[in-house]
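So the sequence lines, in the order shown, correspond to chains R and H. Heads up: the first sequence begins at 1 in the numbering used here, then just goes up one per residue. Heads up: the second sequence begins at 1001 in the numbering used here, then just goes up one per residue. C-beta atoms are modelled at their ideal positions from N, C-alpha and C, and glycine is treated no differently. Fair warning: this is a prediction, and the values are worked out from it, not measured in the lab.
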Amino acid sequence: MSKQIRLRTPLSTEDAENLTSGDKVLLNGILLTGRDAAHRRLFELIKEGRELPIDIKGQVIYYVGPTPAKPGKPIGSAGPTTSYRMDPYSPKLIELGLKGMIGKGSRSQGVIEAMKRFKAVYFGATGGAGALLAKRIKKAEIIAYADLGPEAIRMLEVEDFPVIVINDTKGNDLYQEGIGRYAKADEADY
Amino acid sequence: MIREISTAEIIKVVRDLSIDANYNLGDDVLSAFKEAIEREDSAPAREVLKQLIENAKIAREEKVPICQDCGLAVVFMEIGQDVHIISGDLNEAINDGVRQGYREGYLRKSACHPFTRENTGDNTPAILHLQIVPGDKIRIIFAPKGGGSENMSRVDMLTPAAGIEGVKDFVVKCVSESGANPCPPTIVGVGVGGTFERSAILAKKALLRNIGDRNPDPELAEIEEEILKRINRLGIGPMGYGGNLTSLAVFLEVEPCHIASLPVAVNIQCHAARHKEAVI
Chain R
1 MSKQIRLRTP LSTEDAENLT SGDKVLLNGI LLTGRDAAHR RLFELIKEGR ELPIDIKGQV
61 IYYVGPTPAK PGKPIGSAGP TTSYRMDPYS PKLIELGLKG MIGKGSRSQG VIEAMKRFKA
121 VYFGATGGAG ALLAKRIKKA EIIAYADLGP EAIRMLEVED FPVIVINDTK GNDLYQEGIG
181 RYAKADEADY
Chain H
1001 MIREISTAEI IKVVRDLSID ANYNLGDDVL SAFKEAIERE DSAPAREVLK QLIENAKIAR
1061 EEKVPICQDC GLAVVFMEIG QDVHIISGDL NEAINDGVRQ GYREGYLRKS ACHPFTRENT
1121 GDNTPAILHL QIVPGDKIRI IFAPKGGGSE NMSRVDMLTP AAGIEGVKDF VVKCVSESGA
1181 NPCPPTIVGV GVGGTFERSA ILAKKALLRN IGDRNPDPEL AEIEEEILKR INRLGIGPMG
1241 YGGNLTSLAV FLEVEPCHIA SLPVAVNIQC HAARHKEAVI
């Protein structure tokens, strides 16, 4: 049965292993942001054997490109973007110690295998709930690639940021389980 | 009688519509979320719908975008043939409206060069669909379109032998393969007929309808209903967490096509289904 858990980042291997697909999690602490262009740059540095502008050990990356912050607010609307576009880069980051990813939509077999092998989890946040999720972000600061605008790497301080475990370290997948539970036979197939 | 409309007026309308569309979710979508909660028994699915209702409320009250993806600026414009546009270039006016709206509304600029990925910085150029119609008015529909659901959209050129059943199967297959990616519960725009590009525009245009609107042709309305039922048997559910509601509506638009072809386009719209219009 799924449960609700409050967790503080950075995450340990044990934190990751204790999570099961379907668990509701409230994340607290620091999240790093990164999406298409930032991942491409990080990956280039790794390939060239150069140092990354961020230490990703134990970190959780949130795939988000927020809207500009209105005056007096730390950040604009900030919901998740679709994750599969980061699939070519994620296994390497997981191998280097990344413990969590937040996004929406399914991941490749390569990412799922890396999560099992190196003990990391994939969380889903509610896509299209950018105004609601932004309220759980207390501070935001650009820490790398400012030139990328909405795609820059930010450090977010979050309080009770609501996510659900999609893929755990044991190979479970909430998307598959959901379809398994709710799919009904299509009469047209008979 | 020729009626003059100035570009300044068009700029202002486009600016206002871009902000309104991004801050204020349509009542049709909001009602559909509320009804859907009653029909969902899965806890994660109900939680998603609850969050979406709360999100729309926050966006409306605090005047912030519903979703961080404020889309590419898709603009449908019907220009009356008795209108004379004065004081500038119409295309530039639309882009100026987008520029102002996205800057002043604190909306995200998502337009970039396809290869270098360099952001154009102001969310232009708009994607403009123009139509000349009778009359002396201009109708502008602003429909920002997010990338996540657009990426799951498909066009196929079926053989005429595939027929209606081939079209239905293709639509259901597109939704099934898209899974959780396009932010379900989605709205599915289907364009059948015309040429390759026409089918895609029909599918996009179908998304401008409000939930609850049916195709006026009862046979087509029935096909919409049947495809929707099949989609909602897939079990994908809100945000793909499993559930009875994968799509809120299927909107089908049909036009004649070539004797050799059966073009079909599926344009998937996330639940942040935004479109606002004004008449000048």
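| Asked | Found |
| --- | --- |
| Interface positions of the segment 162-187 of chain R facing chain H (Cβ-Cβ less than 7 Å), listed along the chain | 164, 174, 175, 177, 178, 179, 181, 182, 183, 184 and 186 |
| Bridge-paired residues (DSSP) for residue 1119 (chain H) | H:1112 |
| Residue 1256 (chain H) versus residue 1226 (chain H): straight-line alpha-carbon distance, rounded | 22 Å |
| Rounded straight-line distance, which links the Cα of residue 22 (chain R) to that of residue 189 (chain R) | Because residue 189 (chain R) sits at a pLDDT of 43, beneath the cut-off of 50, its placement in the model cannot be relied upon, and the following sentence gives the value as read from the coordinates. Using only the alpha carbons, I get a separation of about 30 Å. |
| Residue from R:131, R:180, R:157 and R:91 whose Cα sits closest to the Cα of residue 39 (chain R) | R:91 |
| Chain R contact for residue 1046 (chain H) (CB, 8 Å cutoff) | no |
| Listed by chain order, chain H residues near residue 152 (chain R) by CB distance under 7 Å | The premise fails here: residue 152 (chain R) is roughly 11 Å from chain H at the closest Cβ pair, so nothing lies under 7 Å. |
| Bridge partner(s) assigned by DSSP for residue 1081 (chain H) | Partner(s): none; residue 1081 (chain H) has no beta bridge. |
| Pair within 8 Å by beta-carbon distance, residue 1170 (chain H) and residue 1264 (chain H) | yes |
| Interface flag, residue 1090 (chain H) vs chain R, CB-CB below 8 Å | no |
| The ligand COA heavy atom lying under 7 Å from the CB of residue 1101 (chain H) | Looking for the ligand COA in the displayed structure turns up nothing, as the structure carries no ligands at all. |
| Burial state of residue 191 (chain R), where buried means 16 or more other Cβ atoms lie within 10 Å | In the structure as shown, chain R starts at 1 and stops at 190, and residue 191 (chain R) therefore has no counterpart that could be examined. |
| Residue 33 (chain R) at chain H interface by Cβ criterion, 8 Å | no |
| Distance, residue 163 (chain R) Cα to residue 25 (chain R) Cα | 5 Å |
| Beta-carbon gap between residue 1062 (chain H) and residue 69 (chain R) smaller than 8 Å | no |
| Beta-carbon contacts of residue 1273 (chain H) that lie in its chain and below 6 Å, excluding the five residues immediately before and after | 1029 and 1187 |
| Alpha carbon of residue 150 (chain R) to alpha carbon of residue 1103 (chain H), nearest angstrom | 13 Å |
| Whole-Å CB distance - residue 1254 (chain H) paired with residue 1155 (chain H), under 8 Å assumed | With a Cβ gap of about 15 Å, residue 1254 (chain H) and residue 1155 (chain H) do not count as contacting. |
| Under the three-state DSSP convention, the category residue 145 (chain R) falls into | coil |
| As assigned by DSSP and simplified to three states, the class of residue 1273 (chain H) | coil |
| Completely contained beta strand (DSSP E) runs for the segment 20-70 of chain R, where each covers 3 or more residues | 24-33 and 60-62 |
| Closer than 8 Å to chain H by CB, residue 126 (chain R) | yes |
| Near-chain H residues of the segment 78-89 of chain R (beta-carbon distance less than 8 Å), N- to C-terminal order | 78, 79, 81, 82 and 84 |
| Reference residue 1136 (chain H), options H:1268, H:1100, H:1178 and H:1005, closest by Cα | H:1005 |
| CA-to-CA distance, residue 42 (chain R) to residue 1210 (chain H), given in whole angstroms | 43 Å |
| Whole-angstrom distance between residue 1095 (chain H) and residue 146 (chain R), CA atom to CA atom | 26 Å |
| Interface residues of chain H facing residue 129 (chain R) [CB-CB closer than 7 Å] | 1051, 1052 and 1055 |
| Beta carbon proximity, residue 1042 (chain H) to chain R, threshold 8 Å | yes |
| 8 Å Cβ cut-off: residues of chain H touching residue 104 (chain R) | 1148, 1180, 1181, 1183, 1239 and 1240 |
| Residue 228 (chain R) at chain H interface by Cβ criterion, 8 Å | Any property of residue 228 (chain R) remains undetermined from this structure, which presents chain R solely from 1 to 190. |
| Outcome for residue 1115 (chain H) when other beta-carbon atoms lying within 10 angstroms are tallied against a minimum of 16 | exposed |
| Close-in-space but distant-in-sequence residues of the same chain around residue 110 (chain R) (CB under 6 Å, 5 per side omitted) | 91 |
| Exposed unless 16 or more other CB atoms sit within 10 angstroms - verdict on residue 1065 (chain H) | buried |
| Identity of the residue in H:1252, H:1090 and H:1091 nearest residue 1214 (chain H) by Cα | H:1252 |
| Own chain, CB closer than 8 Å to residue 116 (chain R), minus 5 neighbours either side, in chain order | 169, 170 and 171 |
| Neighbour flag for residue 149 (chain R) against chain H, beta carbons, 8 Å | yes |
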